[in-house]
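In full-length UniProt numbering, the protein residues as written are 1 to 217.
In structure tokens form, the structure reads like this:
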């Protein structure tokens, strides 16, 4: 049994609810940039390939169905003045400064024409950004989330999606982290408290299907 199934689970029956799917989903790809996916990147992940492929499948399905696709990327100004304590805590984030070498902040998968790339300075895609009003303008109520890393920016964005009134659907196969234990543990915690963890095949089927008139579990 997967540790991220809603019930029974390691958190107990008190955490068995589902946020479900709303009427209009969008795909949100979190920080899938060269720094994580290239083997010599400053945040190189051991096996990013499967998550990259899963994100590509989600993006393709959303585009084919005419659904919104959005991206996030961390970028800082010269001198990192906008990095605050986050850069102090994680000095390697300096790789995302405007004057840094290596172009590590470039998206691994290309954003399509008109697809918003939300620039952020902290873990959550919502904190201090235009993500929430952009989603509201697009009529989105459900976020199909993939990207990196599961324990960091994916987790923070999924939590803030719930806090902001959007239904977070975190796709298990579309996320990656430094170890399977960290990945699986964070997915289990998200699924219990802050989001629904869904399988890639189900997410693809939902994206390809018609808009729903009511929430589906």
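No residue lacks a Cβ here, since even glycine has one placed at the ideal position from N, Cα and C.
For residue i, three-class secondary structure by DSSP
i, result
"residue 206", "helix"
"residue 19", "coil"
"residue 106", "coil"
"residue 45", "coil"
"residue 152", "helix"
"residue 59", "helix"
"residue 79", "helix"
"residue 14", "helix"
"residue 211", "coil"
"residue 52", "helix"
"residue 111", "coil"
"residue 65", "coil"
"residue 35", "helix"
"residue 123", "coil"
"residue 87", "helix"
"residue 128", "coil"
"residue 160", "helix"
"residue 184", "helix"
"residue 189", "helix"
Exposed unless 16 or more other CB atoms sit within 10 angstroms - verdict on residue i
i, result
"residue 85", "exposed"
"residue 123", "buried"
"residue 208", "exposed"
"residue 186", "buried"
"residue 48", "buried"
"residue 188", "buried"
"residue 88", "exposed"
"residue 52", "buried"
"residue 37", "buried"
"residue 14", "exposed"
"residue 25", "buried"
Identity of the residues DSSP links to residue i by a beta bridge
i, result
"residue 171", "198"
"residue 71", "29 and 117"
"residue 136", "In DSSP, residue 136 forms no bridge with anything."
"residue 236", "Because the chain in this structure spans residues 1 to 217, residue 236 falls outside the shown range and cannot be described."
"residue 97", "76"
"residue 176", "148"
Check: residue i C-beta below 8 angstroms from any heavy atom of the ligand ADP
i, result
"residue 146", "With respect to small molecules bound, the structure shown includes none, and the ligand ADP cannot be examined in it."
Distance between beta carbons of residue j and residue i, contact taken as under 8 angstroms
i, j, result
"residue 67", "residue 29", "That belief does not hold up - the Cβ atoms of residue 67 and residue 29 are roughly 13 angstroms apart, past 8 angstroms."
"residue 167", "residue 71", "Wrong, their Cβ atoms sit about 19 angstroms apart, outside the cutoff."
"residue 171", "residue 45", "Going by Cβ atoms, the distance from residue 171 to residue 45 rounds to 16 angstroms, so no, they are not a contact pair."
"residue 116", "residue 134", "6 angstroms"
"residue 150", "residue 176", "7 angstroms"
"residue 31", "residue 73", "6 angstroms"
"residue 92", "residue 76", "Contact doesn't hold; Cβ gap of about 12 angstroms is too wide."
"residue 200", "residue 54", "5 angstroms"
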